[in-house]
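Residue numbers (UniProt numbering): 1 to 650. Each residue gets a CB set at the ideal place from its N, CA and C atoms; glycine is no exception. Report on the following structure.
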């Protein structure tokens with residue numbers, strides 16, 4: 001029978017179940033610049049030796065590894081679970097691993113301490129072992145250039161090994177505080193066990209994890225110059241991202257008319273998502289919006305104001321897109337030679353054609369789409385809202401996003417994927433930094449509690465970042481259409497205080513809510529098919545601005561994982577606490593647009609707050625004394641439908 005195949009003895013320490021780990025390491029987890037990555041692992045071995053462990057990490061482009069200690073946190077199972085953290089200070093792909101080893105000197109000290117406590121007096125053999133261990137530690141300190149530690153350990157080794165000295169003095173020398181501290185600084189890691197393979201984490205810019213978005217159609221604001229003129233006001237309102245639907249030429253063939261009519265009038269501008277015309281395709285600008293210089297001025301002004309311009313990346317082509325003649329192989333034709341326009345029954349998009357990701361020249365198609373993104377990155381764009389990514393291959397997104405972010409790690413991709421959870425999760429794993437969510441259709445207290453609880457505390461928290469848009473040009477929910485202005489206010493507060501990233505589409509601040517037909521989620525006179533005369537003067541904007549500035553001032557509102565839902569004893573009121581560091585914000589929102597609602601907010605001891613504290617409403621600037629347990633609230637539709645309470649602890 002053959003012996004062990006290994007030429008060196010395998011480590012006796014077991015390292016397993018590292019976190020965060022996405023699909024057994026198939027995909028990286030996500031983190032944010034300026035924060036820490038909290039990690040953990042089960043670490044154990046046979047016997048009773050004292051174990052030590054560290055997390056080791058390496059940032060993008062780094063030549064060396066850094067490390068910090070892990071601590072055992074589960075005393076009930078003898079410290080099997082170990083946890084720690086490391087800071088991340090720049091975007092890109094980071095790697096980390098875990099090293100663990102048995103500390104022979106610490107294990108020896110535990111043995112001697114137990115024997116001394118048990119009254120044993122014949123410790124000569126044990127002390128001779130300790131002298132050798134201390135001497136070896138002194139050698140390691142000397143090699144490391146730590147002269148003071150080497151001297152302290154050497155002196156302890158000499159006394160511990162002196163058989164003529166009293167055992168009490170020898171034990172005291174070995175267990176002395178100076179010797180213990182010095183030996184801990186110079187452990188024997190020659191038999192270290194290492195987590196293999198290493199684990200990856202994608203570190204994103206802050207904009208990927210926190211931001212307030214405002215969506216607008218440039219053609220309704222006077223083109224690029226008109227948008228540029230509005231940027232200071234949008235920055236003053238506390239927005240971080242201004243998202244523009246496609247800004248490219250719009251096809252003429254099969255152009256849509258107002259309210260999605262299949263025939264356009266002579267003055268109908270068409271849908272911006274029908275990308276491509278005689279002027280060019282995905283890298284061209286619609287001439288009615290302005291020239292290249294106007295676009296560059298807009299981007300430069302946004303950057304000056306610390307705003308990001310987000311562009312829409314829609315992988316589809318009008319019948320007039322240059323690719324249809326330059327690359328007909330990228331489009332699938334029926335046996336009769338015709339192209340099939342895009343459909344999502346019952347919706348029909350007669351003005352656009354999808355590219356064929358199964359074509360023979362799929363590599364050329366992938367590269368062309370990558371070049372589109374890089375074109376706009378070179379023009380200063382760092383945020384992309386991607387249209388319907390769930391209808392394109394996941395491997396394509398994984399390749400494209402990784403390729404772009406390998407050179408430009410500050411680029412952010414938002415997935416507009418209103419589809420089943422499995423696909424939404426997989427797109428996030430594949431690299432999308434943010435995703436639209438089901439929040440738009442979650443209305444009841446229990447729906448919101450269940451869904452947000454999953455996002456904040458389930459496995460998705462490691463890779464899925466929600467962006468809770470309250471409306472979009474495609475989505476006017478029945479709740480908004482039927483609930484009226486009071487519902488607009490409540491939904492705004494919910495989105496802004498539940499999710500670190502949220503957005504509104506222009507018109508929301510004017511309470512626009514007329515569907516094209518009753519029960520439809522399409523707007524009447526939709527801006528997708530016509531230009532409007534927009535102005536930044538909606539009656540809801542003061543509340544929008546107030547909420548955005550509250551979000552910036554309260555770190556608790558900038559993270560999702562610190563979310564705790566609170567009992568209200570009234571299903572028409574939802575309440576939750578968010579905590580991050582020393583920041584705690586308690587929010588209570590009425591879900592009833594028609595009636596005054598009264599209830600309580602039950603503050604549990606698990607939040608770690610004092611028995612009583614000052615709760616300051618950041619919306620009304622009123623303050624009350626709140627306490628652990630039940631606290632009365634009264635919420636009035638539209639006028640005072642919510643409290644956003646900063647917890648002030650003396």
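Under the three-state DSSP convention, the category residue i falls into
i	result
residue 30	strand
residue 464	coil
residue 512	coil
residue 280	strand
residue 149	helix
residue 350	strand
residue 381	coil
residue 90	coil
residue 564	strand
residue 629	strand
residue 120	coil
residue 599	strand
residue 652	The requested residue 652 is not part of the displayed model; the chain covers only 1 to 650.
residue 247	coil
residue 642	strand
residue 23	helix
residue 265	coil
residue 588	strand
residue 414	strand
residue 580	strand
residue 614	strand
residue 258	helix
residue 524	coil
Cβ-Cβ separation, residue j to residue i (assumed contact under 8 Å), whole Å
i	j	result
residue 96	residue 52	With 8 Å as the limit, residue 96 and residue 52 do not qualify as a contact, their Cβ atoms being about 17 Å apart.
residue 448	residue 574	6 Å
residue 259	residue 438	So it is not a contact: roughly 27 Å between Cβ atoms.
residue 70	residue 82	4 Å
residue 502	residue 107	Wrong, their Cβ atoms sit about 53 Å apart, outside the cutoff.
residue 251	residue 319	6 Å
residue 490	residue 245	Wrong, their Cβ atoms sit about 27 Å apart, outside the cutoff.
residue 452	residue 563	6 Å
residue 86	residue 14	With 8 Å as the limit, residue 86 and residue 14 do not qualify as a contact, their Cβ atoms being about 22 Å apart.
residue 137	residue 127	Not confirmed; about 15 Å, so no contact.
residue 238	residue 471	So it is not a contact: roughly 18 Å between Cβ atoms.
C-alpha gap between residue i and residue j, whole angstroms
i	j	result
residue 483	residue 587	21 Å
residue 442	residue 477	10 Å
residue 370	residue 34	29 Å
residue 278	residue 584	55 Å
residue 426	residue 459	12 Å
residue 332	residue 315	15 Å
residue 122	residue 45	29 Å
residue 54	residue 103	13 Å
residue 407	residue 204	13 Å
residue 401	residue 208	14 Å
residue 271	residue 94	41 Å
residue 554	residue 361	50 Å
residue 570	residue 487	18 Å
residue 321	residue 639	50 Å
residue 559	residue 461	11 Å
residue 544	residue 497	12 Å
residue 145	residue 191	22 Å
residue 89	residue 199	18 Å
residue 193	residue 347	58 Å
residue 605	residue 568	15 Å
Start-to-end residues for the beta strand (DSSP E) that takes in residue i
i	result
residue 622	Segment: none, residue 622 is in no beta strand (DSSP E) and carries neither H nor E.
residue 69	66-69
residue 17	13-19
residue 418	Counting along the chain, residue 418 falls outside any beta strand (DSSP E), and DSSP gives it neither H nor E.
residue 40	36-45
residue 51	51-58
Residue range of the unbroken alpha helix (DSSP H) whose run includes residue i
i	result
residue 363	362-378
residue 394	394-407
residue 184	177-185
residue 111	104-117
residue 545	541-553
Any non-hydrogen atom of the ligand MG within 7 Å of residue i CB
i	result
residue 236	As far as ligands go, the structure on display features none, and thus does not contain the ligand MG.
Within-8 Å CB hit, residue i to chain C
i	result
residue 382	Note that chain C does not occur in the displayed structure, where there is just one protein chain.
Output the residue ranges of the alpha helix (DSSP H) runs that lie fully inside the region 293-346 and measure 4 residues or longer, sorted by chain position. 323-326
Could you tell me which uninterrupted alpha helix (DSSP H) segments, each at least 4 residues in length, are contained entirely in the region 192-225, listed from first to last along the chain? 206-209
Going along the chain, which unbroken runs of the alpha helix (DSSP H) with 4 or more residues stay wholly within the region 424-504? 445-457, 478-483, 485-498
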